[in-house]
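Q: Sharing a structure with you now.
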Amino acid sequence: GVGFAAAMAEGEGLLSVDYEVSGKVQGVFFRKYTQGEAKRLGLVGWVLNTSHGTVQGRIQGPTSRVRELQEWLKKVGSPQSR
Numbered sequence: 013g014v015g016f017a018a019a020m021a022e023g024e025g026l027l028s029v030d031y032e033v034s035g036k037v038q039g040v041f042f043r044k045y046t047q048g049e050a051k052r053l054g055l056v057g058w059v060l061n062t063s064h065g066t067v068q069g070r071i072q073g074p075t076s077r078v079r080e081l082q083e084w085l086k087k088v089g090s091p092q093s094r
C-alpha cells in the first residue's frame with residue numbers, strides 16, 4: 013500500500029479523529045486488532061478501554077487512510093467483537 017510519506021507527497025491533507033466504540037469490544041482483542049489495522053494503514057494514535065465498557069481512541073494520518081480505518085471500526089473490528 014501507499015505509505016504515509018507517499019500519501020503526503022500526493023498532497024493529501026492530514027486528519028485527526030477521536031472515536032468511541034461500544035458493544036462487545038472489551039475482552040475480544042479489539043484494541044490489538046485496531047492497532048494492527050492502524051499500523052497497516054500507516055496511521056498513528058492511541059486506543060484504550062474505558063471504565064464504562066467502551067473503547068476510545070484517536071487516529072491521525074492522511075485523510076483517506078483515516079476514513080478507511082473509520083469504516084473498519086464500524087464494520088469489521090476484531091473477529092469476536094460486535
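Taking this note's numbering, the leading residue of the sequence shown gets 13, the next gets one more, and so forth.
Note that beta-carbon positions come from the ideal geometry of N, C-alpha and C, so glycine has one too.
Do you know whose CA, among 41, 69 and 26, lies nearest residue 93's CA?
A: 41
Q: Would you tell me roughly how many angstroms separate the C-alpha atoms of residue 27 and residue 77, rounded to the nearest one?
A: 9 Å
Q: Less than 9 Å between the C-beta atoms of residue 82 and residue 29, yes or no?
A: yes
Q: Please list the terminal residues of the continuous alpha helix (DSSP H) segment that includes residue 47.
A: 42–52
Q: To which residues of the same chain is residue 44 closer than 8 Å at the C-beta, ignoring the five residues directly before and after it?
A: 90
Q: How far does the alpha helix (DSSP H) with residue 82 in it reach, from first residue to last?
A: Residues 75–87.
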